Amino acid sequence: MNSLGSIYERCNGKAKVLFSTSNLAGYDSASLLRLSSVINPESRISIGCAGAVVSDIRRRCEVAIITNDHEVSKISMFTLKDFMFVNLDSMVSLQIINSEMHPNSLIWGPQNPSTGSKETLRGVKNIRSSLEQLKKGTDPVMGRGSSDNGVWGTVQKFCSSVTKIREIVSRISSPNLPPIIQSTLAAIHSSNMHAVGQMISRTVNLERSQPVSRAVVAEGVDTQLDELRRTYDGMESLLNEAAQHMIGSIPSWARDCISNCIFYPQLGFLTVIPINPDTNTARYSGEGMPDSEWEQMFAADGNAFFKNNAMRELDAQFGDMYSMISDLEIEILHQLSLQVIRYEESLVAAGDACAELDCMIALALGAQKYGWTQPTMTDENVIQIKGGRHPLQELVVPVFISNDCNLAGGIGKDSPIDSSSTIVSESGDTPRTLVITGPNHSGKSVYLKHVALIVYLAHIGSFVPAESAVIGITDKILTRISTRESAGQNQSAFTIDLQQIAFAARMATCRSLVLVDEFGKGTRADDGAALLAALIDHFAAYGVEAPKMIVATHFHEIIQGGYLKSCPGINLAHMEVRDMKDKAANNQDRVIYLYQLQEGPSLSSFGAICASLNGVDDKVVQRAEALMAAMSLNKDLRSVCSEMTAEEQFKFEVAEEAARGFLRLPLDSIDLIGDKTMHAADVIRGLLQDTLKQRVGDE
Numbered sequence: 001m002n003s004l005g006s007i008y009e010r011c012n013g014k015a016k017v018l019f020s021t022s023n024l025a026g027y028d029s030a031s032l033l034r035l036s037s038v039i040n041p042e043s044r045i046s047i048g049c050a051g052a053v054v055s056d057i058r059r060r061c062e063v064a065i066i067t068n069d070h071e072v073s074k075i076s077m078f079t080l081k082d083f084m085f086v087n088l089d090s091m092v093s094l095q096i097i098n099s100e101m102h103p104n105s106l107i108w109g110p111q112n113p114s115t116g117s118k119e120t121l122r123g124v125k126n127i128r129s130s131l132e133q134l135k136k137g138t139d140p141v142m143g144r145g146s147s148d149n150g151v152w153g154t155v156q157k158f159c160s161s162v163t164k165i166r167e168i169v170s171r172i173s174s175p176n177l178p179p180i181i182q183s184t185l186a187a188i189h190s191s192n193m194h195a196v197g198q199m200i201s202r203t204v205n206l207e208r209s210q211p212v213s214r215a216v217v218a219e220g221v222d223t224q225l226d227e228l229r230r231t232y233d234g235m236e237s238l239l240n241e242a243a244q245h246m247i248g249s250i251p252s253w254a255r256d257c258i259s260n261c262i263f264y265p266q267l268g269f270l271t272v273i274p275i276n277p278d279t280n281t282a283r284y285s286g287e288g289m290p291d292s293e294w295e296q297m298f299a300a301d302g303n304a305f306f307k308n309n310a311m312r313e314l315d316a317q318f319g320d321m322y323s324m325i326s327d328l329e330i331e332i333l334h335q336l337s338l339q340v341i342r343y344e345e346s347l348v349a350a351g352d353a354c355a356e357l358d359c360m361i362a363l364a365l366g367a368q369k370y371g372w373t374q375p376t377m378t379d380e381n382v383i384q385i386k387g388g389r390h391p392l393q394e395l396v397v398p399v400f401i402s403n404d405c406n407l408a409g410g411i412g413k414d415s416p417i418d419s420s421s422t423i424v425s426e427s428g429d430t431p432r433t434l435v436i437t438g439p440n441h442s443g444k445s446v447y448l449k450h451v452a453l454i455v456y457l458a459h460i461g462s463f464v465p466a467e468s469a470v471i472g473i474t475d476k477i478l479t480r481i482s483t484r485e486s487a488g489q490n491q492s493a494f495t496i497d498l499q500q501i502a503f504a505a506r507m508a509t510c511r512s513l514v515l516v517d518e519f520g521k522g523t524r525a526d527d528g529a530a531l532l533a534a535l536i537d538h539f540a541a542y543g544v545e546a547p548k549m550i551v552a553t554h555f556h557e558i559i560q561g562g563y564l565k566s567c568p569g570i571n572l573a574h575m576e577v578r579d580m581k582d583k584a585a586n587n588q589d590r591v592i593y594l595y596q597l598q599e600g601p602s603l604s605s606f607g608a609i610c611a612s613l614n615g616v617d618d619k620v621v622q623r624a625e626a627l628m629a630a631m632s633l634n635k636d637l638r639s640v641c642s643e644m645t646a647e648e649q650f651k652f653e654v655a656e657e658a659a660r661g662f663l664r665l666p667l668d669s670i671d672l673i674g675d676k677t678m679h680a681a682d683v684i685r686g687l688l689q690d691t692l693k694q695r696v697g698d699e
């Protein structure tokens with residue numbers, strides 16, 4: 001269930017959900033595109049689970065367990081009541097870090113710790129994954145940089161770090177401890193952490209585990225294991241003695257043929273004999289020793305490995321020590337896992353408490369460092385931001401111009417106020433939709449994003465980058481800002497934009513925040529403007545269920561025609577710029593961006609000036625300005641494009657005067673002698689050149 005797969009078969013009596021990539025070819029792309037606008041294709045697990053359910057329904061229908069009347073009539077997504085829904089498109093558009101990827105892993109690399117790695121909270125890893133590995137009986141290969149990278153080292157370091165955190169937190173003395181401090185102290189049980197850490201320290205030798213890339217049981221845990229290890233560690237001297245004994249027991253002519261004796265796990269003790277390169281056989285294989293059965297086990301690296309009676313005696317005496325050691329270690333580590341799992345609930349609670357504490361500390365430090373303020377959360381469906389800023393943009397510019405935002409969504413059908421009421425919003429004249437125009441580079445997109453980020457930060461319990469903010473409970477943040485194109489998607493950029501808009505239209509409620517940035521730019525200008533106007537009208541028709549919405553656009557047609565004035569709850573605004581046309585020496589100095597939101601529309605996008613600022617050739621910019629001027633006067637562009645420039649007009653006049661002068665020449669009076677044809681051509685050519693020189697000289 002790794003992809004959306006094919007879904008239409010029986011829905012509404014015609015399609016039924018299958019969610020199987022193997023059946024993808026049987027469905028047209030239009031059906032899949034429509035389906036992508038209904039559900040979020042990024043929710044792969046949910047789609048897979050839903051596919052399993054409807055597939056079971058189909059199976060039961062086929063075997064007559066249930067009647068065929070049970071059909072899937074509707075496919076829709078739902079969100080949890082107490083959580084705000086932000087899909088991947090919105091996360092990418094708002095540049096919110098992906099929660100599944102730790103940023104330091106790419107910045108510092110696997111072997112280089114970050115500058116804060118020695119801080120106590122850095123030692124608190126994801127204890128849930130470690131406990132899951134213990135339950136499965138697995139231990140991932142330990143890293144080369146530290147002996148603590150395995151599951152046992154992770155759990156031990158976790159217990160040590162959590163204990164230190166509790167000691168630090170317990171030193172805070174205040175009559176009214178913050179709830180986060182109280183919950184941290186209550187969740188971390190030092191005795192349990194100490195017990196788990198001691199169990200691991202007594203059982204696992206982390207230093208010896210690192211070079212062999214596996215967990216090694218410490219000495220003193222099991223006497224039988226210690227005895228086997230001592231014997232195994234003395235294997236070299238034992239093998240030397242065995243080799244000397246073999247040399248003394250075979251015929252004298254063959255004594256030089258024995259290289260040594262070795263031990264292989266599971267194969268046991270073996271005698272090594274070099275292979276004769278001429279015959280490709282062992283130089284000796286037990287000749288002259290009728291009582292000793294020599295059996296070649298295998299050959300490798302120019303040697304043959306034999307099992308004989310002397311090696312069998314060693315096998316019987318010592319056995320497969322390596323396998324015995326491994327079996328004992330596995331048994332001991334399994335028992336340790338069972339003991340640690342008994343503390344699972346306490347470990348998980350401590351990890352969650354530290355994670356929450358870490359987040360709160362990070363948010364508090366960020367708020368203090370960057371001058372953020374505490375927002376006011378309210379049940380009213382409003383967004384009231386004063387002096388809002390973009391939390392990232394303000395860090396990379398010398399001066400960031402703050403802006404206000406005042407929106408109010410619909411009151412909802414469940415409101416005690418009659419749903420047929422003409423009240424626009426809970427806040428009287430406060431708009432539901434804000435349509436922003438303005439030139440490129442004027443800050444429209446930054447405005448959209450900073451409003452959404454302030455709403456997002458307020459809902460995760462953070463302070464916000466604003467002078468003040470009153471944020472109503474928001475259930476979804478839906479965006480059409482950026483287009484995530486991929487070679488794996490058989491979709492154009494405009495198709496993806498349409499899917500985002502369709503998804504937002506289906507998912508939006510009166511508690512949602514919808515952001516639309518330059519929707520419709522991927523098709524013809526008139527079609528794009530019509531789609532945008534229809535979208536705004538669609539949300540306006542929601543009435544009391546209308547969401548809070550901010551739209552940024554360059555389609556001035558929908559404003560100039562006065563269409564939006566008929567839609568209730570819509571305000572027009574623009575990002576202010578100053579046109580210094582009379583004072584600027586060139587286009588690059590003509591426009592001054594003030595990045596300030598002002599009431600009313602702006603009907604100039606200064607596209608040609610933006611092109612000049614971005615290095616487009618001046619001739620192209622001048623031609624664009626001329627065409628825009630002609631369009632503003634409703635001139636026919638075909639006739640405008642056929643008009644000649646001053647340079648072309650001059651060349652045409654020169655050519656015309658030369659032609660007229662040439663026609664006035666007395667060609668009949670030319671005296672032709674000799675080769676009349678060649679003579680006439682030379683004379684005419686000379687007259688024409690004289691005419692052209694005379695015309696150029698006059699100019």
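Just so it is clear: in the sequence shown, position 654 is 654 by full-length UniProt numbering, and no numbers are missing. Quick reminder that beta carbons are idealized off the backbone N, C-alpha and C, glycines included. A quick note: this is a predicted structure, and the numbers were derived from the prediction, not measured.
- For the pair Ala-469 and Thr-553, the CB atoms are not nearer than the 8 Å cut-off.
- Ranking Gln-296, Arg-660 and Asp-278 by CA distance to the CA of Ser-285 puts Gln-296 first.
- Listed in chain order, the alpha helix (DSSP H) runs fully inside the segment 438-489 are 444-459, counting runs of at least 4 residues.
- Here the alpha carbons of Ser-642 and Lys-651 stand approximately 16 Å from one another.
- Sequence-distant Cβ neighbours of Ser-130 in its own chain, meaning closer than 7 Å and more than five residues away, are Val-151, Thr-154 and Val-155.
- About 14 Å separates the beta carbon of Ala-254 from that of Ala-310, a gap too long to meet the 8 Å contact definition.
- Inter-segment contact for the segment 490-508 and the segment 399-416 is absent: fewer than three beta-carbon pairs are separated by less than 8 Å.
- For Lys-135, the enclosing alpha helix (DSSP H) begins and ends at 127-136.
- Rounded to the nearest whole angstrom, the CA to CA distance from Gly-443 to Val-382 is 23 Å.
- If one requires a minimum length of 4 residues, the alpha helix (DSSP H) runs lying completely within the segment 176-235 are 179-187, 190-203, 206-212 and 223-233, in chain order.
- Where Phe-555 is concerned, there is no enclosing beta strand (DSSP E), because DSSP gives it neither an H nor an E.
- Going by C-alpha positions, Met-91 is about 16 Å away from Asp-497.
- Relative to His-245, the option among Gln-560, Glu-293, Gln-224 and Leu-314 whose CA is nearest is Leu-314.
- Of the residues Phe-158, Ile-247 and Ser-252, the one whose Cα lies closest to the Cα of Ile-188 is Phe-158.
- Taking C-beta separations shorter than 7 Å and ignoring five residues to either side along the sequence, the partners of Asp-475 in its chain run Thr-79, Met-84, Phe-85, Thr-509, Arg-511 and Ser-512, following chain order.
- The DSSP assignment places 525-540 and 557-560 as complete runs of the alpha helix (DSSP H) inside the segment 498-582, in order along the chain (cut-off: 4 residues).
- Non-local beta-carbon contacts of Ala-452 in its own chain, meaning distances under 6 Å to residues more than five positions away in sequence, involve Leu-94, Ile-477 and Leu-515 in chain order.
- Below 8 Å, enough C-beta pairs join the segment 327-340 and the segment 221-228 to call them touching: three or more.
- In the DSSP assignment, Ala-254 falls outside any alpha helix (DSSP H), carrying neither H nor E.
- About 6 Å separates the Cβ atoms of Thr-433 and Ile-536, confirming a contact at the 8 Å cut-off.
- Counting along the chain, no alpha helix (DSSP H) covers Phe-83, and no H or E run does either.
- In this chain, the alpha helix (DSSP H) harbouring Thr-163 covers 151-170.
- Just measuring C-alpha positions, the residue of Thr-279, Ser-174, Ile-273 and Gln-317 sitting nearest Ala-299 is Ile-273.
- Under the criterion of beta carbons closer than 8 Å, Val-591 and Ile-436 do not qualify as touching, at roughly 17 Å.
- Contact check for Thr-203 against Ile-332 passes: the beta carbons are separated by less than 8 Å.
- Lys-369 and Gly-387 have their C-alpha atoms some 17 Å from each other.
- Between the segment 565-573 and the segment 522-532 there are fewer than three C-beta pairs closer than 8 Å, too few to call the two in contact.
- For Tyr-264, same chain residues with a beta-carbon under 7 Å away, outside a window of 5 residues either side, are Leu-270 in chain order.
- Straight across, the Cα-Cα distance linking Gln-133 with Ile-258 is about 47 Å.
- When Gln-596, Val-544, Met-549 and Gly-600 are compared, the shortest CA-CA separation from Gln-560 is found for Gly-600.
- At a Cβ-Cβ threshold of 8 Å, Leu-347 and Val-196 count as neighbours.
- Ranking Ala-304, Met-289 and Ala-350 by CA distance to the CA of Asn-280 puts Ala-304 first.
- Burial state of Ile-454 is buried, judged by a 10 Å Cβ sphere holding 16 or more other Cβ atoms.
- Ranking Val-544, Ile-127 and Lys-164 by CA distance to the CA of Ile-411 puts Val-544 first.
- Between Leu-336 and Met-199 the beta-carbon gap is near 6 Å, inside 8 Å, which marks them as a contact.
- A direct Cα-Cα distance of roughly 24 Å separates Met-549 from Phe-400.
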